[in-house]
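Numbering (the working numbering), first residue to last: 2 to 494. Please read the structure below before turning to the comments.
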């Protein structure tokens with residue numbers, strides 16, 4: 002019986018399968034990492050007048066008596082302007098956490114504010130909504146929870162005719178969604194998903210951006226995969242989201258960013274990605290990728306930069322779905338322009354946002370894993386050298402670069418013929434000097450594939466002090482079996 006170490010020297014076909022299996026396990030772990038959600042956050046929509054902003058007007062903390070006085074004036078003032086002014090003063094005071102605490106402890110205060118929200122006077126209604134919005138933005142959970150009696154009214158006004166009020170209600174609901182599981186339990190039976198679905202056809206960009214924010218907060222809830230996302234997928238929302246992500250002159254960066262993240266959260270849930278693929282998600286995102294590559298470096302709209310990360314993540318995760326291949330999604334992404342676009346974005350990220358480089362490389366990894374044509378494009382477009390130039394950026398980037406190269410090398414001798422001779426072998430000798438075991442391990446796998454399909458590369462490796470580079474890792478538990486296997490492969494080629 003062969004010992005485990007001898008087992009690594011088994012026939013060539015098994016060796017390749019073992020390399021592939023290990024790489025797929027590691028990729029599964031990376032996919033899980035890509036699915037990690039962003040930290041949720043709240044947003045504050047303030048609409049102070051220019052005079053207030055320029056004057057640096059900062060309201061003082063309000064006590065119980067002042068709060069009661071403003072509420073009384075807002076309810077019973079003799080003139081509309083006086084009533085509206087009382088609510089403006091209350092809203093400014095509610096910018097202070099101390100006033101917020103006093104307000105929610107004051108008996109009847111929230112009931113009065115909700116009553117003003119239902120006023121038939123539009124300006125009073127809007128100012129009451131702004132007061133609720135200030136409260137919803139509080140970092141103190143009990144303050145936001147106190148707003149829950151208003152949720153049914155906020156939902157009702159989403160079907161109204163005032164874009165300003167709809168936008169305000171959406172941001173307020175978004176803040177309340179993220180804060181309270183009890184609030185989400187209350188909002189779902191009240192019909193928040195149908196209410197959001199009705200808003201997504203709004204012609205107002207500010208409303209659509211606010212809707213994207215509220216929806217993204219809802220989709221990030223821990224119970225979303227079971228209790229929320231199925232309802233969203235059953236609604237008209239996905240088709241309209243993809244419509245709003247269509248590239249072209251009508252693409253609005255603020256709206257697109259919000260819905261791209263919404264799409265990311267839905268895809269990560271894996272509830273029914275086949276449905277998204279059927280709706281054309283891969284095609285839309287692929288075209289958006291090409292559009293971003295064409296505009297991101299020259300556009301004055303900095304908001305487009307924010308689209309790069311969610312678009313890369315959405316495509317990367319969709320490419321792991323079997324339905325993509327079955328539905329022709331892979332075929333749509335086999336265009337050489339996709340490869341060129343990814344490299345344009347990689348160069349852009351390297352200069353502006355190096356922390357996002359793994360996102361682009363992860364997409365390239367998923368594309369090259371099962372597509373010989375994409376691997377051919379990498380070689381024919383002479384993109385191996387630019388890829389190798391990313392190796393020093395970070396250990397995470399190095400591992401992904403090497404994984405992409407493994408994907409190319411495992412396609413067989415014809416592909417390895419383009420990898421060697423060239424800059425690959427010197428670069429791999431440099432990575433063997435790294436201390437990170439994952440980087441070194443991936444380098445060893447690539448060298449094994451290279452020796453397998455290009456035996457003359459093993460001779461060059463020996464001539465360039467490759468054995469000395471391997472000796473450094475002989476005693477590392479995670480690497481020693483692979484190091485010994487590669488040593489023997491090089492010496493007994």
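Using N, Cα and C, we set each Cβ at its ideal position, and we do this for glycine too.
Could you have a look at residue 134 and say whether DSSP puts it in helix, strand or coil?
The count along the chain shown starts at 1 and reaches residue 134 at position 133. Here residue 134 sits in helix by DSSP.
Does the Cβ-Cβ distance between residue 204 and residue 236 come in under 8 Å?
Here residue 204 refers to the residue found at position 203 of the chain shown. Here residue 236 refers to the residue found at position 235 of the chain shown. Not in contact: residue 204 and residue 236 (Cβ atoms no closer than 8 Å).
If you draw a straight line from the alpha carbon of residue 291 to that of residue 214, how long is it in whole angstroms?
Start at 1 with the first residue of the chain shown, and residue 291 comes out as number 290. Start at 1 with the first residue of the chain shown, and residue 214 comes out as number 213. Taking the straight line joining both Cα atoms gives about 25 Å.
Tell whether a beta-carbon distance below 8 Å holds between residue 87 and residue 107.
Walking along the chain shown from the start, residue 87 turns up at place 86. Walking along the chain shown from the start, residue 107 turns up at place 106. No, these two residues do not count as a Cβ contact at 8 Å.
Out of curiosity, what's the CA-to-CA distance linking residue 360 and residue 285?
Taking the chain shown and counting its residues from 1, the one referred to as residue 360 is at position 359. Taking the chain shown and counting its residues from 1, the one referred to as residue 285 is at position 284. Approximately 18 Å, taken between the alpha carbons.
Please state whether DSSP places residue 343 in a helix, a strand or coil.
Numbered from 1 along the chain shown, position 342 holds the residue referred to as residue 343. It is helical.
Could you check whether residue 478 and residue 434 sit closer than 8 Å to each other, using their CB atoms as the reference points?
Start at 1 with the first residue of the chain shown, and residue 434 comes out as number 433. Start at 1 with the first residue of the chain shown, and residue 478 comes out as number 477. It is not a contact, given that the beta carbons lie outside the stated cut-off.
Given this structure, state the Cα-to-Cα distance separating residue 206 from residue 390, to the nearest angstrom.
Counted from its first residue, the chain shown places residue 206 at position 205. Counted from its first residue, the chain shown places residue 390 at position 389. For residue 206 and residue 390, the distance between alpha carbons rounds to 41 Å.
What separation, rounded to the nearest whole angstrom, lies between the Cα atoms of residue 54 and residue 47?
Here residue 54 refers to the residue found at position 53 of the chain shown. Here residue 47 refers to the residue found at position 46 of the chain shown. Because the pLDDT at residue 54 is just 41, under 50, the model does not fix this residue reliably, and the value given afterwards should be weighed accordingly. Cα to Cα, residue 54 sits roughly 10 Å from residue 47.
With a Cβ-Cβ cutoff of 8 Å, do residue 181 and residue 145 count as a contact?
The count along the chain shown starts at 1 and reaches residue 181 at position 180. The count along the chain shown starts at 1 and reaches residue 145 at position 144. Contact: yes.
Note down the Cα distance separating residue 430 from residue 304, rounded to an integer number of angstroms.
Walking along the chain shown from the start, residue 430 turns up at place 429. Walking along the chain shown from the start, residue 304 turns up at place 303. The straight-line gap from Cα to Cα measures roughly 41 Å.
Are there any heavy atoms of the ligand SAM lying less than 7 Å away from the beta-carbon of residue 425, as far as the coordinates show?
No copy of the ligand SAM appears in this structure; indeed no ligand is present at all.
Whose C-alpha, out of 387, 99, 383, is nearest the C-alpha of residue 141?
As a working note, residue 141 is residue 140 in the chain shown. Comparing Cα-Cα distances from residue 141 to each of 387, 99, 383, the minimum goes to 99.
State the DSSP-derived secondary structure class of residue 474, mapped to helix, strand or coil.
Along the chain shown, read from residue 1 onward, the residue named residue 474 stands at position 473. Coil.
Using the beta-carbon count (16 or more within 10 Å), is residue 492 buried or exposed?
To locate residue 492, count along the chain shown from 1; it is residue 491. It is exposed - the Cβ of residue 492 has fewer than 16 other Cβ atoms within 10 Å.
Assign residue 423 to one of two classes, buried (16 or more other C-beta atoms within 10 Å of its C-beta) or exposed (fewer than that).
Start at 1 with the first residue of the chain shown, and residue 423 comes out as number 422. With fewer than 16 other Cβ atoms within 10 Å, it is exposed.
Nearest to residue 440 by CA position, among 468, 459, 403, is which residue?
Numbered from 1 along the chain shown, position 439 holds the residue referred to as residue 440. Checked all of 468, 459, 403; the closest Cα to residue 440 is 403.
Entirely within the stretch 174–252 and at least 4 residues each: give me those alpha helix (DSSP H) ranges in chain order.
182–191, 193–200, 206–220, 225–228, 230–234, 238–245
Quick check on residue 421: does DSSP put it in helix, strand or coil?
Indexing the chain shown from 1 puts residue 421 at position 420. Of the three classes helix, strand and coil, the one that applies to residue 421 here is coil, per DSSP.
Among the residues of its own chain, which have a CB less than 8 Å from the CB of residue 1, if the five just before and after it don't count?
Here the chain covers residues 2 to 494 and nothing more, so residue 1 does not appear.
Where do the ends of the alpha helix (DSSP H) carrying residue 99 lie?
Along the chain shown, read from residue 1 onward, the residue named residue 99 stands at position 98. Residue 99 -> alpha helix (DSSP H) spans 98–106.
Determine the DSSP secondary structure at residue 335, reduced to helix, strand or coil.
If you number the chain shown from 1, residue 335 lands on position 334. If DSSP states are grouped into helix, strand and coil, residue 335 belongs with coil.
Considering residue 148, what are the terminal residues of the alpha helix (DSSP H) in which it resides?
Position 147 of the chain shown, counted from the start, is the residue given in the question as residue 148. Note, residue 148: premise wrong, no alpha helix (DSSP H); not H, not E.
Just to confirm my understanding: we take residue 136, look at its own chain, exclude 5 residues before and 5 after, and list those with CB closer than 8 Å. What are they?
Within the chain shown, the letter at position 135 stands for residue 136. Around residue 136: 95, 101, 104, 105, 144, 145, 147, 148.
By the 10 Å Cβ neighbour count, where 16 or more other Cβ atoms means buried, how is residue 487 classified, buried or exposed?
As a position in the chain shown, residue 487 is number 486, starting the count at 1. The residue in question, residue 487, is buried, as its Cβ has 16 or more Cβ neighbours within 10 Å.
What number of angstroms, rounded off, separates the C-alpha of residue 419 from the C-alpha of residue 437?
One-based indexing of the chain shown puts residue 419 at position 418. One-based indexing of the chain shown puts residue 437 at position 436. Going by C-alpha positions, residue 419 is about 28 Å away from residue 437.
Please report the residue range of the alpha helix (DSSP H) in which residue 1 lies.
Any answer about residue 1 is impossible in this case: the structure gives the chain only from 2 up to 494.
Here's the rule: buried if 16 or more other CB atoms are within 10 angstroms of the residue's CB, otherwise exposed. What is residue 355?
Counting from 1 along the chain shown, the entry for residue 355 is found at position 354. Exposed, since its Cβ has fewer than 16 Cβ neighbours within 10 Å.
What's the call for residue 161, buried or exposed, on a 16-neighbour Cβ count within 10 Å?
To locate residue 161, count along the chain shown from 1; it is residue 160. Counting Cβ neighbours within 10 Å, residue 161 comes out exposed, since fewer than 16 surround it.
Assuming residue 113 contacts residue 70 (C-beta within less than 8 Å), just tell me the rounded distance between them.
In the chain shown, residue 113 corresponds to position 112, counting from 1. In the chain shown, residue 70 corresponds to position 69, counting from 1. Incorrect: roughly 12 Å between the Cβ atoms, too far for contact.
The alpha helix (DSSP H) spanning residue 482 covers which residue range?
For this step, residue 482 is matched to residue 481 along the chain shown. Taken as a continuous stretch (DSSP letters only), the alpha helix (DSSP H) holding residue 482 covers 481–492.
Have a look at residue 395 and residue 156 and give me their C-alpha separation to the nearest angstrom.
Along the chain shown, read from residue 1 onward, the residue named residue 395 stands at position 394. Along the chain shown, read from residue 1 onward, the residue named residue 156 stands at position 155. When rounded, the distance between both Cα atoms is 47 Å.
From residue 262 to residue 268, what does the alpha carbon distance come to, in whole angstroms?
For the purposes of this step, residue 262 is taken as the residue at position 261 of the chain shown. For the purposes of this step, residue 268 is taken as the residue at position 267 of the chain shown. One C-alpha to the other measures close to 10 Å.
Where does residue 43 sit, in a helix, a strand or coil, going by DSSP?
Within the chain shown, the letter at position 42 stands for residue 43. It is coil, neither helix nor strand.
Do residue 410 and residue 447 come within 8 Å of each other at the CB atom, strictly closer than that value?
To locate residue 447, count along the chain shown from 1; it is residue 446. To locate residue 410, count along the chain shown from 1; it is residue 409. Result yes, Cβ atoms of residue 447 and residue 410 sit closer than 8 Å.
At which residues does the alpha helix (DSSP H) containing residue 384 begin and terminate?
Walking along the chain shown from the start, residue 384 turns up at place 383. No alpha helix (DSSP H) contains residue 384, which DSSP labels as neither H nor E.
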